[in-house]
Each structure stands twice: as structure tokens, then as C-alpha cells.
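Under our numbering, think of the first position of the sequence shown as 661, with each following residue one higher.
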Amino acid sequence: MSDDSQEMDCREVLAEVYFYLDSECAQARQEIIKQHLAECSPCLAQYGIEQDVRALVHRCCSKDAAPAEVKARLRAKLAEFDFEK
Ligand SMILES: [Zn+2]
661 MSDDSQEMDC REVLAEVYFY LDSECAQARQ EIIKQHLAEC SPCLAQYGIE
711 QDVRALVHRC CSKDAAPAEV KARLRAKLAE FDFEK
């Protein structure tokens, strides 16, 4: 089935989100994340980070910096998934 490859893709995107926390306005990563959000938001909801990711990407385009609170929460959740390895 295509489920496996899609899940892999989701993990890659979540890893991008993780890096995105460190380089907040990297356009390339923002596009990857935004595109995936448009196509596959259920995966982020599944991980319980959809709202935080949306807030992060959205705020990048506005004048407001992403709140440290949101970034810290996302970072903590992403750390549980161990994407760095
Ligand atoms: Zn996905």
C-alpha cells in the first residue's frame, strides 16, 4: 500500500519542522511544510502538533515572531519522535 511511503514522507516533513525551529524564516523549508500541511494535515493532527506547526508557519510570514512557548512545546514533542537520527 502507499501508506508506508506516505508515513515516511510525513516523518521527513516533521524533521523539517524541527530544523525550521532553529532557522525560523527559511523559505525553502517553509514551503515544504506548508505544502505538506495542505496535503496531509491529518498526520500533524495525529502527532498532536498541527496547531503549533500552523501557528509557527503562519507567524513566520507576519511581523510577530513565533512565541517561545510554542517553539518550546513543539521542540519537546518533536524530541519524543527522535527525528534527528
Ligand atoms: Zn503527512
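Cβ atoms here follow ideal geometry from the backbone N, Cα and C, with glycine treated the same way.
Here the structure is a predicted model, which is why all the values come from computation and not from measurement.
Contact between Arg689 and Glu672 does not hold, since the beta-carbon distance rounds to 11 Å and is not under 8 Å. Runs of the alpha helix (DSSP H) lying entirely within the region 682 to 706 and spanning at least 4 residues: none are present. By the neighbour-count definition (other C-beta atoms within 10 Å, threshold 16), His696 is a buried residue. For Asp682, the number of other beta carbons within 10 angstroms of its own is below 16, and it is reported as exposed. Ranked by Cα distance from His718, the first of Lys694, Ala728, Gln706 is Lys694. If you draw a straight line from the Cα of Pro702 to the Cα of Leu738, it comes to about 16 Å.
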